[in-house]
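Numbering (the working numbering), first residue to last: 176 to 247. For glycine and all other residues, C-beta sits at the position ideal for the given N, C-alpha and C. Quick caveat, the model's predicted, so the values are computed rather than measured. The next block holds one structure in the form of structure tokens; read it before the comments.
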Amino acid sequence: MSTDHDELAARAERGDLTVKPGTVRRGAEGTAEAQRLLTEATGATNADELAHRFNALQASRIGVTPLEELAS
């Protein structure tokens, strides 16, 4: 599999990527698995911390102060 993210993005936009059968998770199972993977990848300990980390990352990408910092 290619690790060229630009090429993978282009293929995804064209609809050239296919899902491996049996690997799609939906509903509560999908939600739980996605949350587990995201918390593991970010080091967050719960969904609230994960949301705060995501918001801080997005804020830093666009050059603004996260709301959590403004409130303190």
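Between residue i and residue j, how many whole angstroms is the CB-CB distance? I'm expecting something under 8 angstroms.
i      : j      : result
Thr217 : Arg228 : 5 angstroms
Just to confirm, are residue i and residue j a CB contact at a threshold of 8 angstroms?
i      : j      : result
Thr214 : Leu225 : yes
Residues in its own chain within less than 8 angstroms of residue i by CB, not counting five upstream and five downstream?
i      : result
Thr240 : Ala234
Leu192 : Leu183, Arg186
To which residues of the same chain is residue i closer than 6 angstroms at the C-beta, ignoring the five residues directly before and after it?
i      : result
Arg236 : none
For residue i, decide whether its Cβ has a neighbour in chain C, counting only Cβ atoms nearer than 8 angstroms.
i      : result
Ala203 : The structure shown contains no chain C; it is built from a single protein chain.
**Study point:** Within the segment 179-246, ranges of the alpha helix (DSSP H) (whole runs, at least 4 residues)
**Key:** 180-189, 202-217, 222-237, 242-246
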